[in-house]
Amino acid sequence: MSIAPSRVTLPDFIDSRPVSRYQYIVIGLCGLVMFIDGFDTQSISYMAPHIAEEWGLSKQVLGPIFSAALAGLMVGYLALSPLSERFGHRRMIIVSTVLFALGTLAAAWSQNVTELMALRFITGMGLGAAAPSAIALTGEYSPKRLRATFVLAIYCGFSLGFVAAGLVSGWLIPIFGWRSVLVVGAVAPLLLLPALLRFLPDSLTLMINKGAEPKRVRSILRRIDPGLAAGSDFTYEAEKQPDEQRTALRNLFTRDRVLGTLLLWLVFVINLGEFYALQSWLPSIMTSLDYDMGTVVTATTLTTVGGIAAAFVTGPCMDRLGAYLTLGTVYIVGFAFVALTGLALSAPLWVLLTANFFAGVCISGGQKSLIALSAVFYPTSMRSTGVGWALGVGRIGGIVGPIVVGAALGMGWSASAVFYAMSIPMLVAGVAVLLLGRWVRSDKHPDRAVAESQSLAHK
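Mapping to the numbering used here: the sequence shown position 457 is 457, numbers consecutive.
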């Protein structure tokens, strides 16, 4: 049993202790929020053909339905995520969960495209607001030595939600229709809500800096380390918040953060552009090469599976070998595999599927690792805003990437040439991440001492 110190300092208190059962509960709840987020985001893709058939819609009309939730996501990432620094991650997660649950439930009774688009936009706002807060809360309740691993783990919940959406839709839609999938997508977060209300804590750093009731703070600290209850009373402190005269967004652009923020945004734009370009065009490219539908589905699924598999390797490597070196290496290796995918289009199928799997490891896995990197880069007091804005700005790449690939194919580029061109941004992303890591470790960055202590801890 540990001895209660006279003074508890965050984040050292969490970094110096084994991970408790309570911390696993917090991280698990955040993972479930991400799972439901992924389920709701992807399920519309499976419902769309049935919506079009029931309402007599053309394929062109489905595009705005898809885009409505994505637009809501951007609003959630950019406008709502900074509010968690003011009102708390717990409140933001709970309110957002209720918002996207009710929006999804209402969409099940929509009668026309306008109603469905409006409700999908509202749902997207809730989804976009919940994710950065869940990532930030996971980062705060994770010790530094395991932070990247745990953030990657909960983001795998998002990908698993994609998979579950396909399984549930394939089972429910033929029997109960497309609206049943929306009902499931609404009921699931509502069932999770009591657990969130009962077990999900708020940011300890925010509570301490806002002068929360000491009893509440000490209760959470004792759940993390029950041994504190056996000692004498204690006081506590947390890292200082950024200048409160600045907005949450402006704190990302202070002299000591602006270069890192811009480099992160660049990499997010590249990574999301690569991901959505691959997911959007790989099925069409393989179909044009006369592959059957089963093979096309397998190849497309392998990119997602590769991303999930990557988390089991990149997370521990980021914590042990360094986040910047690991992710930079992933992108540089991705440069080779994306180019190899272009070469493999004319090779035996097993070569193509292997190259495609490892391209997914580096692109989809790189995206998850990049979110973990942003959780490492930004301090607790601005983590939700930093992650939210990086995800929001990265959506620009998600929009532009498929358009650029489509334009290239329209101009007569071969599929192989497209993949060769797509490999170059991966190299740029790798170099950018390595440069960011070098800057963080340099004399010019105020977190140099933190970076050096992390390096020594890994040795």
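Ideal Cβ placement from N, Cα and C applies to all residues, glycine included.
Taking 4 residues as the minimum length, the alpha helix (DSSP H) runs contained wholly in the region 165–212 are 179–199, 204–209, in order along the chain. Secondary structure at Y155: helix, using DSSP grouped into helix, strand and coil.
Between I224 and R17, the beta carbon gap of about 7 Å places them in contact (Cβ cut-off 8 Å).
Taking C-alpha positions only, G126 is separated from V19 by approximately 30 Å.
Looking only at I51, E85, L73, the smallest Cα-Cα distance to W109 is reached by I51.
Counting along the chain, R223 sits inside the alpha helix (DSSP H) bounded by residues 214–224. Collapsing the DSSP output to three states places V8 in a strand. Take S67, set aside five residues on each side of it, and no residue of its chain has a beta-carbon closer than 8 Å to its own. For T314, the uninterrupted alpha helix (DSSP H) segment begins and ends at 293–321. For I27, the CB contacts under 6 Å within the same chain, skipping 5 residues up- and downstream, are T138, F150 in chain order. In the three-state scheme derived from DSSP, where H, G and I count as helix and E and B as strand, T104 is classed as helix. The C-alpha of W439 is placed about 31 Å away from the C-alpha of F158.
Annotation: the continuous beta strand (DSSP E) that includes T235 extends over 235–237. Its Cα nearest to that of Q42, the residue V163 stands out among A372, A344, V163. S416 and G273 have their alpha carbons spaced roughly 18 Å apart. Taking all protein chains in view, the Cβ of Y24 is surrounded by fewer than 16 other Cβ atoms within 10 Å, so the residue is classified as exposed.
Of the candidates S423, R91, Q367, G315, the residue whose Cα lies closest to the Cα of F199 is R91. Under the three-state reduction of DSSP, D290 is assigned to coil, being neither helix nor strand. When secondary structure is reduced to three states using DSSP, A408 falls in the helix class. Taking 8 Å as the cut-off, the beta carbon of T314 is found no closer than this to the beta carbon of L191. Around the beta carbon of V187, fewer than 16 other beta carbons sit within 10 angstroms, so the residue counts as exposed.
By the C-beta criterion, the region 318–329 is judged not to be in contact with the region 405–420, since fewer than 3 inter-stretch pairs fall below 8 Å.
Apart from sequence neighbours up to five positions away, the residues of its chain that approach P316 with a beta-carbon distance below 6 Å are T149, ordered along the chain. The three-state reading of DSSP puts V330 in helix, counting H, G and I together.
In this model, L373 and S346 are separated by some 36 Å (Cα to Cα).
T97 is positioned such that its CB atom lies closer than 8 Å to that of L193. Taking C-beta separations shorter than 8 Å and ignoring five residues to either side along the sequence, the partners of T304 in its chain run S159, F162, V163, G360, S364, following chain order.
Within the same chain, Cβ atoms closer than 7 Å to the Cβ of G306 are found at F357, F358, G360, V361, S364, G365, the five residues on either side in sequence being excluded. Here R86 carries a helix assignment [DSSP, helix/strand/coil]. Look at N112 here: in three-state DSSP terms it is coil, with no helix or strand label. Annotation for K144: no alpha helix (DSSP H) segment contains it, and DSSP assigns it neither H nor E. Here A69 is buried. Its C-beta has 16 or more other C-beta atoms within 10 Å.
A direct Cα-to-Cα measurement between Q367 and N271 gives close to 6 Å. The beta carbon of I14 sits closer than 6 Å to the beta carbons of P143 from its chain, once the five residues preceding and following it are set aside; these are given in chain order.
In this structure, the beta-carbon distance from V258 to G394 does not fall below 8 Å. Residue burial annotation: F35 is buried, with at least 16 other C-beta atoms found within 10 angstroms of its C-beta.
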